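From first to last, the protein sequence lines stand for chains A and B. Numbered continuously in the working numbering, the first sequence closes out at residue 203. Numbered continuously in the working numbering, the second sequence closes out at residue 203.
There are 2 protein chains.
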Amino acid sequence: MARLDRAAVLAGAWAFIEEHGIDALTMRKLATSLGVNHGTLYWHVDNKQALTDALADDLLSGVADETGSGAQGSDRLTELAHRLRSALLSHRDGARVLAGTFVRQPNTLAFGEAAIGAALAAGVPAAEAVLAAFSVQYYVMGFVIEEQAAYELARDESRNNGRGPIDAASYPNVYAGLATLRKMPRDSQFAYGLTRLVAETGR
Amino acid sequence: MARLDRAAVLAGAWAFIEEHGIDALTMRKLATSLGVNHGTLYWHVDNKQALTDALADDLLSGVADETGSGAQGSDRLTELAHRLRSALLSHRDGARVLAGTFVRQPNTLAFGEAAIGAALAAGVPAAEAVLAAFSVQYYVMGFVIEEQAAYELARDESRNNGRGPIDAASYPNVYAGLATLRKMPRDSQFAYGLTRLVAETGR
DNA sequence: ACCTGAACACCGTTCAAGT
DNA sequence: ACCTGAACACCGTTCAAGT
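Here's what the structure looks like:
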């Protein structure tokens, strides 16, 4: 058996999350899935919170890289938003993993740096660039948390049990709205708010 | 000792969260704080997840009510966004409590109903009203999650240990941006993205 | 340098039995 | 109708001891 290292622990954690979800992740079950005594994990990782923080930053690795698309300014900001969403979606429960961590880590910072830079390049005044960039970030996080929540709900029908469908009489707007969304690709739903948020950028 | 009921359990849970945060909440400690054997809680509440779901809906109670402000259309949508943020901020870790629950509950639905209604009244085409309303919701959730994360970080300096301040040389935009934000009221930061998101609504 | 084994102080949930 | 007490199957974390 190859000896474990930190990277293997992270990879094992992602594999576990893919299969069972973040809520099921425990140090002991992770250790078992890696074929190791659970005490061993604490050699590679300070504690469970540190593991989660590492996963969060891992999620964002490469998101802020240059893409060669040549996108500039507000187009680059839009591109970054799409790349952030893709990164969060690349692992089950990705958005919740990131939302659960308060930490300023390299890849999180690199994303902020790139997003603010894009806003500046779009002509946003220096005093507003952070606001524009962070607003986009908030939107993406909120969107994907909801998106992945829907995936989890679909995966586990039992969670919806006893609740039934939405009462069209009490909530006609929601009822009709959800019907609309069901006919629409997620990408288009995502683009809707993003476009409007970025439209004002650089004017 | 007055007998417990479901409302008292919820109130006790909020009091506990106010003092120790959501991560510290356990059924056993909550029971102790209520002066009751921990098995007792399961008489009032199905399990911990059901308790959390109930807290989440409790958080949103009254948010979608009429305010008598007479705000209509996009103004009403803006008002709802502010009221949602206030509700999330009204309890420690409020945004995370809500984000952790997948459930469609009465007050969540009532908020969506009101927000879509406001978008429609603002002249948004029926096919887009959900998108406009939900986009605002995503933004608010993302914003307040970050906002409350900052409060938690300030409360527990130890979590930031060994990290130090942001490296101005590596992340000049972030460094300058955070300085800008520090001089700005949270309300103004919140309004920035919200205004831009709602500006396109009803055009 | 990496891992095991065992211990410690916790968890959520269930359920007979009490009042 | 509400609560206790005890049990069951788990947790995260630490740390001497092994290789």
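A virtual CB, placed ideally from N, CA and C, is assigned to each residue, including glycine. In this text, all values refer to a predicted model and were calculated from it rather than measured experimentally.
Inter-residue Cα distance where the pair is A11 (chain A) and G164 (chain A): 38 Å
Check: G177 (chain B) C-beta below 6 Å from any heavy atom of the ligand COA: Ligands are entirely absent from the displayed structure, and the ligand COA is therefore not among its contents.
Check whether I17 (chain A) and L4 (chain A) have beta carbons under 7 Å apart: no
Segments of 4+ residues assigned as alpha helix (DSSP H) that fall wholly inside the region 88-166 of chain A: 94-99, 106-121 and 126-155
Element boundaries [alpha helix (DSSP H), containing R186 (chain B)]: R186 to A199
Distance, W14 (chain A) Cα to A150 (chain B) Cα: 27 Å
Environment of S135 (chain A) [buried if 16+ CB atoms lie within 10 Å]: buried
Residues that G204 (chain B) contacts on chain A, provided the C-beta gap is smaller than 9 Å: Nothing in the structure corresponds to residue 204 (chain B), since chain B is present only between 1 and 203.
Burial state of G94 (chain B) (16 or more Cβ within 10 Å): buried
Spatial distance of W43 (chain B) from E147 (chain B) (CA atoms): 35 Å
Inter-residue Cα distance where the pair is G142 (chain B) and G142 (chain A): 5 Å
Three-pair Cβ contact test at 8 Å for the region 109-119 of chain B versus the region 77-84 of chain B: yes
Start and end residues, alpha helix (DSSP H) containing V45 (chain B): It is not in any alpha helix (DSSP H) - V45 (chain B) carries neither H nor E in the DSSP assignment.
Counted within 10 angstroms of its Cβ, other Cβ atoms place S74 (chain A) as buried (16 or more) or exposed: buried
Three-state class that DSSP yields for T26 (chain B) in the structure shown: coil
Other residues of its chain near N107 (chain B): CB distance less than 6 Å, five sequence neighbours each side excluded: D57, L60 and S61
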